[in-house]
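Okay, so here's the structure we're looking at.
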Amino acid sequence: MKFVHLQCQTVFSLLKSACKIDELVVRAKELGFSSLAITDENVMYGVIPFYKACKKHGIQPIIGLTASIFSEEEEKSYPLVLLAEDEIGYQNLLKISSSIMTKSKEGIPKKWLAHYAKGLIAISPGKDGEIEQLLLEDKEDQAEEVACTYQNMFDNFYMSLQHHAIQDELLLQEKLPEFISKVNVPVVATNDVRYINQSDALVHECLLSVESGTKMTDPDRPRLKTDQYYLKSSDEMEALFSHTEEAIYNTVKIAERCKVEIPFHVNQLPKFPVPSNETNDTYLRRVCEEGLHKRYGTPKEVHIKRLNHELNVISSMGFSDYFLIVWDFMKYAHENHILTGPGRGSAAGSLVSYVLEITDIDPIEYDLLFERFLNPERVTLPDIDIDFPDIRRDEMIRYVKDKYGQLRVAQIVTFGTLAAKAAIRDIARVMGLPPRDIDIFSKLIPSKLGITLKDAYEESQSLREFIQGNLLHERVFEIAKRVEGLPRHTSIHAAGVIMSQEPLTGSVAIQEGHNDVYVTQYPADALEELGLLKMDFLGLRNLTLLENIIKFIVKKTGKEIDIRNLPLQDEKTFQLLGRGDTTGVFQLESGGMRNVLRGLKPNEFEDIVAVNSLYRPGPMEQIPTFIESKHGKRKIEYLHPDLKPILERTYGVIVYQEQIMQIASKLAGFSLGEADLLRRAVSKKNRDILDQERQHFVQGCLRNGYDETSADKIYDLIVRFANYGFNRSHAVAYSMIGYQLAYLKANYTLEFMTALLSSAIGNEDKIVQYIRETKRKGFHVLPPSLQKSGYNFQIEGNAIRYSLLSIRNIGMATVTALLEERESKMFEDLFEFCLRMPAKFVTERNLEAFVWSGCFDDFGISRTNLWKSLKGALEYANLARDLGDAVPKSKYVQGEELSFIEQLNKEKEALGFYLSSYPTAQYVKLAKELEIPSLAQAMRNKKKVQRAIVYITSVRVIRTKKLQKMAFITFCDQNDEMEAVVFPDTYIHFSDKLQEGAIVLVDGTIELRNHKLQWIVNGLYPLEEMDVYEEKKDASVYVKLPSQYEKKLLNQVTKILFDYSGFAKVLIYYEKEHKMVQLSRSLSIHPSEKCLGTLREIVGEENVVVKI
């Protein structure tokens, strides 16, 4: 090979290059290159995937960086290409990138750069470089100074020659020979690669417009001026630089010098500081033995034996420091009253974790296996994930950062990528599609997680029709496919924290993060390959909820709840679970899970563990068997009696991975480490591995005296459940959080609901749901109060006071100012409030929100009059701020009150829903007199024809496959909400009644669909006419029929009664039998002319009479 590309930016120069790493390396291989460089702009994001891709394809990776160098004289930055010759150079690239991304975003000053020059080759980057710019400005002397600086700084400094067919490069080709000769700098030929193929130039140009927010029609948009920035072949480069063979030869010479080997799987665990007279092993043992006595008092032989075994394994694997580090920060959490989860993942199976108070699950009591966590026969880094309350997670990260040093602890980068819809939206915008077409384009992509544009095109006929035949749409789609999946921006891993013995910049570049905690430039998988310790600090909303419930209990009752030692046989808790009353209960609140709980009727903690493990795709099919077995409706059978002790607690069903390990250990004589390897192996479903492991298992069973037929059947059972089995350690730990929340909900309902409402601030849908449940449980939710409300929901007597932060348009700053001002003195009236509050928080919009939410009800003035007084209050406050007491206080404006519905709708605008009352409340008396049930009563009588007075909150109309219209609607009464479906036959007759905000009488049936009750609508009848009820409340409609046995005629009449449901009672006189019958109130009608006319058509004009 006569040429090597030394200047290639990849997609990790976010939105500035279109070179996907795998495609770039494959293309380089096709072109016959034996070496290739990566030189992204200021960042090292792509280094590890680039390095591995090159190694995979037999190409020598050259690790580089296009660094921004800050010229302090000019206060301007210029790019410089830096390539690592060796490991020292590689580490210096990490430090340079880290310096730029943490301390000097405009670029690294030259005096800093000089400290990191060892092991690096520097190359001027082309026309945008500092030297080149000075030459173009005819400042040869200054250009010489810069060249001299770099020659002195680097052992190897080169000037690049480039040929992208642009004017500045042609000028440089005239100036450079004399300059190079004068300063004696060697030259090297480079091509600034920004896309792989010449045809990708447009794709790259679109990316630049996405990054800059411009359109392709903008004349000043950022762009490269030619299509020559692609991965050219060696022949093309040689042809371009045939006049200077030295420049071509030097690319190979440089490539031969760049031999970086990135070390993987090097143990970089930090060392925990232990007393000088102890080792990390002895110190861990001492702390564990102290914890053992704290947990058990006088430990039994089984505890001592298990602890010794685990400590020996941990020591032999070199992980004592790891456990001490986790023990230390968990100790900090406990000492600072930071609630921690009972455990997560397989770490809950470790007795060491339990006695160190890392976890709160006793692995002996719950029969959990240490080898599922740390397998001495498969050495991998331990993985302890810790749950903290989400509002205190940052505090824990700050603690480890302060203890081990800012440069030794970091969070982890993640990349937001251009998914299918985002790619379409971005490219359509830059290509100039109007917003309406962009919306249509995007909505035609099916909303499936992880769907690609290729899949979308194959799946959606509408999408194909939108694209085909329209050249612009076709172009947008093709370019969007090319950019799909590209990283668009960086973010921070939700949980991961990296810790290292040495400063991180020795093995990974870092960048600015949050709260003085840096972020790695390599993602999690690369960091773990390098051998860095990753821990997951997870912020769990449910732990914040637990913390807040406990605080409310202390405040209301004075009781201190020990959440880690609750009674696990609490009858009220299991009654709550058996009812499926699990809103807000961790892992147990989905509709499907509630149905399972109602069927299971759990009566012990193990039931919760099992159902949490089974309620997943795959094992879910075992739930009916499990429930039937629990309730004695199904005989439990075992393939062999020796399986009974292992499977008895799960009624013969393999639920847990640990059960597979126990079977292999018991029957085949495997060590638990071997059993874990078997579990992992069979779960992969590789035929060769399955056959190999079968032989291993069966031979073990034969050695232990079992027959081959039984061994084969048991192995088949293992294989069948290997993919389904759940980690029991994790299931026990997370089920404990669920039980804790269920216990608190059952025993401290008011405190639970108050904390649950506070956890939902910012989510109106959840707040509505939780308020409905709170009311169903018999507690009042009081409106927000200027004098009593705080940031969160609060307990007030035996009720809940609404949160100020949950009022629409009222932000944190406004609430903080209000509470600070209220601290000094309560507000007397609206006018004083407007005067005392900072002017920026007293806007008409804010005041209207306060008025209609009920916040100002404390003043004893109607909301209507408060609303009408706002303008005067604002004028008074503005004047009084300037003139003081000289301005007389305004008075409230008196006027006609808004109607009940108008005021309620204003309240809904302020809160997002109705709180003080409900639109259907005005019909409660009517519903009672007409024996119309509430939604709750109707739901208890599912499958019977039902009626209810409801308020329609949402309507979604769709078309069926036959193109008929139908609708899905949601409606409510005062306490409950239901989803309903209006099928095409019904939709035809009642489509005009399907209006959001309408109050209607609905009839139909209730069915269970997809684990939820759903109303099947038969009819919808408006209640606007109900105001005539007062004048016609005693109306009766008499209908005469020939005989009660005229079934066809009777059915016709009944249908009409349902169609015109209302308030007037109906009496039928059967002429033949001389009998008068008053029909049920559920068949009362609205005696409109249309209704009476329809009846008379059926039974005769003279046979229908109305009496008032």
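Take 34 as the starting number for the sequence shown in this note's numbering and just add one per residue.
Heads up, the beta-carbon is just placed ideally off N, CA and C, and yes, glycines get one too.
Remember, it's a predicted structure, so these values are computed and weren't measured experimentally.
If distances are taken between C-alpha atoms only, which option among Lys717, Ser110, Phe946 comes closest to Asn796?
Residue numbering aside, residue 796 sits at position 763 when the sequence shown is read from its first letter. Nearest C-alpha to Asn796: Phe946.
Helix, strand or coil for Met270, going by three-state DSSP, please let me know.
Mapped onto the sequence shown, residue 270 falls at position 237. In this structure, Met270 counts as helix in the three-state DSSP scheme.
Please report the Cβ distance between Lys248 and Val463, rounded to the nearest whole angstrom; I am assuming they are in contact, meaning their Cβ atoms lie under 8 angstroms.
By 1-based counting over the sequence shown, the position of residue 248 is 215. By 1-based counting over the sequence shown, the position of residue 463 is 430. 5 angstroms between Cβ atoms; contact.
Using a Cβ-Cβ cutoff of less than 8 angstroms, which residues in the same chain neighbour Gln979 once the five nearest sequence positions on both sides are dropped?
Sequence index remark: in the sequence shown, residue 979 carries index 946 (1-based). Taken in chain order, the residues that qualify are Pro966, Ala971, Asp1036, Gly1037, Thr1038, Ile1039, Trp1048.
Along the chain, where does the beta strand (DSSP E) containing Met532 start, and where does it finish?
Looking up residue 532 in the sequence shown gives position 499. Looking at the DSSP string, the run of the beta strand (DSSP E) that includes Met532 is 520-532.
Ends of the beta strand (DSSP E) at Pro409?
Stepping through the sequence shown from its first residue, residue 409 is reached at position 376. Note, Pro409: premise wrong, no beta strand (DSSP E); not H, not E.
In angstroms with no decimal places, state the Cα-to-Cα distance between Tyr387 and Asn341.
Within the sequence shown, residue 387 is the residue found at index 354, counting from 1. Within the sequence shown, residue 341 is the residue found at index 308, counting from 1. Looking at the two C-alpha atoms, the distance is approximately 14 angstroms.
Based on the DSSP output, what are the partners of Asp569 in its beta bridges?
Taking the first residue of the sequence shown as 1, we reach residue 569 at position 536. The partner list for Asp569 (beta bridge, DSSP) reads Asp418, Gly529.
Which term fits Arg595, buried or exposed, when burial requires 16 or more other beta carbons within 10 angstroms of its beta carbon?
Taking the first residue of the sequence shown as 1, we reach residue 595 at position 562. The residue asked about is misnamed: residue 595 is Asp in this sequence, not Arg. Exposed.
Report yes or no: do the stretch 848-867 and the stretch 898-907 share at least 3 C-beta pairs separated by less than 8 angstroms?
Because the criterion of three Cβ pairs below 8 angstroms is met, the stretch 848-867 and the stretch 898-907 touch.
Taking just the CA atoms, how far does His763 sit from Ile960?
One-based indexing of the sequence shown puts residue 960 at position 927. One-based indexing of the sequence shown puts residue 763 at position 730. With the sequence shown as reference, residue 960 is identified as Ala, and Ile is not the correct amino acid for it. Answer to the nearest angstrom: the Cα atoms are 50 angstroms apart.
Taking one C-beta from the stretch 534-542 and one from the stretch 456-472 each time, how about it: are there three or more such pairs within less than 8 angstroms?
As far as the Cβ criterion goes, the stretch 534-542 does not touch the stretch 456-472, which means the pair count is below three.
Does DSSP put Ile142 in a helix, a strand or coil?
Position 109 of the sequence shown, counted from the start, is the residue given in the question as residue 142. First, the residue type needs correcting, since residue 142 is Pro and not Ile in the sequence shown. It is a strand residue.
Ignore the nearest five residues each way along the sequence and tell me which others in Tyr1062's own chain have a CB closer than 7 angstroms to its CB.
Along the sequence shown, one-based indexing puts residue 1062 at 1029. Low confidence applies to Tyr1062: its pLDDT is 44, below 50, so where it sits in the model is not reliable, and the reading given next is rough at best. For Tyr1062, where only same-chain residues beyond five positions count, the Cβ hits under 7 angstroms are Leu959, Phe1096.
By the three-class DSSP mapping on this structure, what secondary structure does Lys1100 have?
Locating residue 1100 in the sequence shown gives position 1067, where the first residue counts as 1. Sequence check: residue 1100 is Leu here, not Lys. Strand at Leu1100.
Runs of 3 residues minimum, wholly inside the stretch 420-457: which ones carry the beta strand (DSSP E) assignment?
Within the stretch 420-457, the complete beta strand (DSSP E) runs of at least 3 residues are 442-450.
Report yes if the CB atom of Val988 is closer than 8 angstroms to the CB atom of Ala1000, and no otherwise.
Position 955 of the sequence shown, counting from 1, holds the residue named residue 988. Position 967 of the sequence shown, counting from 1, holds the residue named residue 1000. In this structure, Ala1000 lies closer than 8 angstroms to Val988 by Cβ.
Please determine if the stretch 644-656 and the stretch 684-704 are in contact, where contact requires at least 3 C-beta pairs separated by less than 8 angstroms.
The stretch 644-656, when compared against the stretch 684-704, does touch it at the 8 angstroms Cβ threshold.
How would you call Tyr772, buried or exposed, if buried means at least 16 neighbouring beta carbons within 10 angstroms?
The count along the sequence shown starts at 1 and reaches residue 772 at position 739. Flag for Tyr772 reads buried.
Please report the residue range of the beta strand (DSSP E) in which Arg980 lies.
Taking the sequence shown and counting its residues from 1, the one referred to as residue 980 is at position 947. Its beta strand (DSSP E) spans residues 979-992.
Out of Gly140, Leu113, Ala150, which has the shortest C-alpha to C-alpha gap to Glu163?
As a position in the sequence shown, residue 163 is number 130, starting the count at 1. It is Leu113 whose Cα lies nearest to the Cα of Glu163.
Determine the DSSP secondary structure at Lys53, reduced to helix, strand or coil.
To locate residue 53, count along the sequence shown from 1; it is residue 20. Here Lys53 sits in coil by DSSP.
So, at 6 angstroms on beta carbons, what are the nonlocal neighbours of Thr616 in its own chain, with the 5 sequence-adjacent residues on each side left out?
Taking the first residue of the sequence shown as 1, we reach residue 616 at position 583. If we look at Thr616 and ignore the five residues flanking it on each side, its Cβ neighbours are Glu622, Glu806.
Applying the criterion that 16 or more other CB atoms from any shown protein chain within 10 Å of the CB defines a buried residue, is His664 buried or exposed?
By one-based count along the sequence shown, residue 664 stands at place 631. Exposed: under 16 other Cβ atoms inside 10 Å.
In three-state terms, what does DSSP make of Glu1130?
Translated into positions along the sequence shown, residue 1130 becomes position 1097. In the structure shown, Glu1130 sits in a helix (DSSP, three-state: H, G or I).
Quick test of the definition: if touching needs 3 or more C-beta pairs under 8 angstroms, does the stretch 481-500 touch the stretch 512-519?
Touching, yes.
Among the candidates Arg914, Met626, Thr953, Leu676, whose CA atom is the shortest distance from the CA of Asn1043?
As a first step, residue 1043 is located in the sequence shown; it is residue number 1010 there, counting from the start. Looking at the Cα atoms, Met626 is the closest of the given residues.
Could you name each continuous alpha helix (DSSP H) segment of 4 residues or more that falls completely within the stretch 601-641, going from the start of the chain to the end?
Taking only runs of at least 4 residues, the alpha helix (DSSP H) segments lying wholly in the stretch 601-641 are 604-612, 624-633.
Assuming the contact rule is C-beta atoms closer than 8 angstroms, Gln620 and Tyr767 should be a hit. Round their C-beta distance to whole Å, please.
Here the question's residue 620 lines up with position 587 in the sequence shown. Here the question's residue 767 lines up with position 734 in the sequence shown. Between Tyr767 and Gln620 the Cβ distance is about 6 angstroms, and since that is below 8 angstroms, they are a contact.
Per DSSP, which one or two residues make a beta bridge with Phe1001?
Here residue 1001 is taken as the residue at index 968 of the sequence shown, counted from 1. Per DSSP, Arg989, Val1014.
List the DSSP bridge partners of Gly1037.
Taking the first residue of the sequence shown as 1, we reach residue 1037 at position 1004. Answer is Gln979, Val1050, bridged to Gly1037.
Could you check if Leu1034 is buried or exposed, using at least 16 other CB atoms within 10 Å of its CB as the buried criterion?
Walking along the sequence shown from the start, residue 1034 turns up at place 1001. Classification for Leu1034: buried.
What are the start and end residues of the beta strand (DSSP E) that includes Pro94?
Numbered from its first residue, the sequence shown carries residue 94 at position 61. Counting along the chain, the beta strand (DSSP E) containing Pro94 begins and ends at 93-104.
How should Tyr1078 be labelled, buried or exposed, when 16 other C-beta atoms within 10 angstroms of its C-beta is the threshold for buried?
Working through the sequence shown from its first residue, we reach residue 1078 at position 1045. Exposed, by the Cβ-count rule.
Using three-state DSSP, classify Glu1063 as helix, strand or coil.
Counted from its first residue, the sequence shown places residue 1063 at position 1030. The pLDDT assigned to Glu1063 is 45, lower than 50, so where the model puts this residue is not dependable, and the model offers no usable value.
Given a threshold of 16 other Cβ atoms within 10 Å of its Cβ, counted over all protein chains shown, does Asn503 qualify as buried or as exposed?
Indexing the sequence shown from 1 puts residue 503 at position 470. Label assigned to Asn503: exposed.
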